[in-house]
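Q: Chains as they are written, first to last, in our numbering: chain G, 1 to 328; chain H, 329 to 647.
Glycine included, each C-beta is placed from N, C-alpha and C at the ideal position.
1. Compute the beta-carbon to beta-carbon distance between residue 171 of chain G and residue 145 of chain G, rounded to the nearest angstrom, for a pair I have assumed lies under 8 Å.
2. For residue 148 of chain G, which of helix, strand or coil comes out of DSSP?
3. Secondary structure at residue 212 of chain G, three-state DSSP: helix, strand or coil?
4. What does residue 143 of chain G touch in chain H if you count any residue whose Cβ is under 8 Å from its own?
5. Less than 8 Å between the CB atoms is what I'm expecting for residue 679 of chain H and residue 561 of chain H, so what's the real figure, rounded?
6. Determine whether the Cβ of residue 627 of chain H lies closer than 8 Å to any Cβ atom of chain G.
7. Can you round the beta-carbon distance between residue 453 of chain H and residue 486 of chain H to whole angstroms, since I take them to be within the 8 Å contact cut?
8. Spatial neighbours of residue 620 of chain H within its chain, please: C-beta separation below 8 Å, excluding the five flanking residues on both sides.
9. Tell me, to the nearest whole angstrom, how far the beta carbon of residue 238 of chain G is from that of residue 210 of chain G; I am working on the premise that it is less than 8 Å.
10. So, is the C-beta of residue 256 of chain G closer than 8 Å to a C-beta in chain H?
11. Please work out which residues of its chain come closer than 8 Å, Cβ to Cβ, to residue 37 of chain G, disregarding the five sequence neighbours upstream and downstream, and give them in chain order.
12. Give me, in chain order, the residues of the same chain whose beta-carbon lies closer than 6 Å to that of residue 3 of chain G; leave out the 5 immediate sequence neighbours on both sides.
13. Candidates H/379, H/354 and H/577: which alpha carbon is nearest residue 507 of chain H's?
14. What does residue 119 of chain G touch in chain H if you count any residue whose Cβ is under 9 Å from its own?
15. Of all the residues that make up the segment 87–101 of chain G, which are near chain H by a beta-carbon distance shorter than 7 Å?
16. Of all the residues that make up the segment 451–479 of chain H, which are near chain G by a beta-carbon distance shorter than 7 Å?
17. Kindly list, in the order they appear in chain H, the residues whose Cβ is closer than 8 Å to that of residue 105 of chain G.
18. What residues in its chain sit with their C-beta under 6 Å from that of residue 378 of chain H, if we drop five residues either side in the sequence?
19. Could you name the residues of the same chain whose beta carbon sits closer than 6 Å to that of residue 384 of chain H, not counting the 5 residues immediately before and after it, in chain order?
20. For residue 431 of chain H, which three-state DSSP category applies?
21. Note down the Cα distance separating residue 199 of chain G from residue 242 of chain G, rounded to an integer number of angstroms.
22. Please specify which runs of the alpha helix (DSSP H), each continuous and at least 4 residues long, are wholly inside the segment 380–465 of chain H, giving them in chain order.
23. Just to confirm the assignment: which complete beta strand (DSSP E) runs, minimum length 3, are found wholly within the segment 57–112 of chain G?
24. Who are the neighbours of residue 436 of chain H on chain G, taking C-beta pairs under 7 Å?
25. Where does residue 345 of chain G sit, in a helix, a strand or coil, going by DSSP?
26. Counting pairs of Cβ atoms below 8 Å between the segment 352–363 of chain H and the segment 299–317 of chain G, do you hit three or more?
27. Skipping 5 residues on each side, what residues in its chain have a beta carbon closer than 8 Å to that of residue 270 of chain G?
28. For the segment 255–313 of chain G, list the alpha helix (DSSP H) runs that are entirely contained and at least 4 residues long, ordered along the chain.
29. For residue 349 of chain H, decide whether its Cβ has a neighbour in chain G, counting only Cβ atoms nearer than 8 Å.
30. Answer with yes or no whether the minimum CB distance from residue 481 of chain H to chain G is below 8 Å.
31. Counting Cβ pairs closer than 8 Å, one from the segment 414–425 of chain H and one from the segment 623–633 of chain H, do we hit at least three?
32. Use the C-beta contact count for residue 79 of chain G: other C-beta atoms within 10 angstroms, 16 or more gives buried, fewer gives exposed.
33. Of all Cβ atoms in chain H, is any one closer than 8 Å to the Cβ of residue 83 of chain G?
34. Cutting at 6 Å between CB atoms, please list the residues of its own chain near residue 104 of chain G, excluding the five before and the five after it.
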């Protein structure tokens, strides 16, 4: 039954987890500090008390955690494993890339690993180079893994539900800067939708801007500033990066004939390059396209230094102005 | 254990040996390509262990896994077919020698990453806590895998949550091409699981009867009250790490020194002294040989993957 709930981003994820645990007895949820402490960001508060040993704390052993998720999923469970920071998954990439991703293909479809890895990243002050990277491109390179990056409470709720009922491994990349955000009314309880899909955040005709992750707020701010420069931007938020909504992108680019991709990950090897490459390969006529991301610099700890590197509303407007007035 | 059961174990071990010998020939003659790791010398461990497991139990092995798969009942025909790029291979050519899986036989796969199967096996054991099964999971790995963090993480995870998993370390004395003794300070590998609170025991891995007894005992205990156990099964590899390994590191005469202690010779001797005649033993070998030869010739008659499975090469990346 569809109901309304006033929740913030963290609360929306909590609501989705509670629902998975309540309605699907195959669900188990584990990770570092997710049980009794309720999660380092408080996202899983109350779940251990409500669901007992189906929600539990683990040793600080990411390889064992993800491996246990893969094995339990192969046996028919629907495990949700929390990796506290995506940066920490680097110590367990074998279990994601060499193990989880391969189960279905190598077994010729006899086995699958319907595991959800919930994690978060964020280019946020007070972190350091090992706690502030945007690493989604590593995962997007791997066939067999699905990836999403929700930014609103509704997206967070919906993508967690879709991930849980997806029959393949899904990495849900949340953002710790969003957990304690404002409460909004969201729909809960609807039939989970299939994975995939993007959100049209602004309709426009002059340029398509595709973005994902919390930098979308800079993109939206830039979109609001652009009319004063004579630009009407269309803004697509790619909530799901795999599967990516290529049709939505093509439709928009064919209308605007200009494309700007904005991501918080650094540029080289980022997913923005893949999007631009496909537009070229598919021979979609555009007058200009480019990508904006962080320069290829290690993340500095000081917020003063960090601000220097991150694309801002101003730099996004400047890129759009260049695309339209200087290159057309 | 009576003679009948011993004879059955002998037959199973000989079939694995002959299968591997045939694979060696196929690989060396170039009838297929790909990295291949043979089980010769270690047969007693898979055969003894699998004899103690039930149908619903789960086995995870390593890339040296042909013997484990056969001991779980995977037909030699579907393994030959897998190697020879034939339709009807156990994974239709997607696993090859070193990374196939046969869930229908409770064999949840080889793994080509050293030590990586252990955490996954622990997950299978974790599932048993929730799915009302009394499944026991066995994960086998080599001595080299003891130096992988994944194995230590997996053992601690299993110990922490009292999971029904049997860790079997097949110590064949070589970590790939390097003696394990040169890669550890503490030579007794059972001390590591013990330090994690896991009961651990050294077993003569060349004695199929001892292996079966050890695993049977563990299975009975685990099914009733859960909690992991660890066995270090002492054995030897009768050939290189992989087919084509020149084995420059192997001291002269080492393989010959195994002649009388390797598991098949040992069991034959035992049966002999229990009254089974040489002629009867030869009969067992002849029958096993026939079984393997037949499987190989049948595999060779199957259509090649290019005629069928190639169409589906992009399938099953996602569901």
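A: Checking against the coordinates, here is how it stands:
1. About 6 Å separates the Cβ atoms of residue 171 of chain G and residue 145 of chain G, confirming a contact at the 8 Å cut-off.
2. strand
3. coil
4. 645
5. No statement about residue 679 of chain H is possible, as the shown extent of chain H runs from 329 to 647 and does not include it.
6. Output row for residue 627 of chain H: interface = no.
7. 6 Å
8. 343, 346, 347, 350 and 404
9. 6 Å
10. no
11. 57
12. 188 and 189
13. The shortest Cα separation from residue 507 of chain H among H/379, H/354 and H/577 belongs to H/577.
14. Within chain H, no residue comes near residue 119 of chain G; the closest Cβ sits about 17 Å away, beyond 9 Å.
15. 94, 95, 98 and 99
16. 451, 452, 454, 455, 458, 459, 477 and 478
17. Under the 8 Å cutoff, chain H gives 422, 644 and 645.
18. Excluding sequence neighbours, residue 378 of chain H sits near 399 and 400.
19. 463
20. helix
21. 14 Å
22. 394–399, 404–411 and 445–456
23. 78–83
24. 74
25. Since the first residue shown for chain G is 1 and the last is 328, residue 345 of chain G is missing from the structure and cannot be characterised.
26. No contact exists between the segment 352–363 of chain H and the segment 299–317 of chain G.
27. 137, 263, 291 and 293
28. 271–281 and 303–309
29. no
30. yes
31. yes
32. buried
33. So no, residue 83 of chain G is outside the interface.
34. 112
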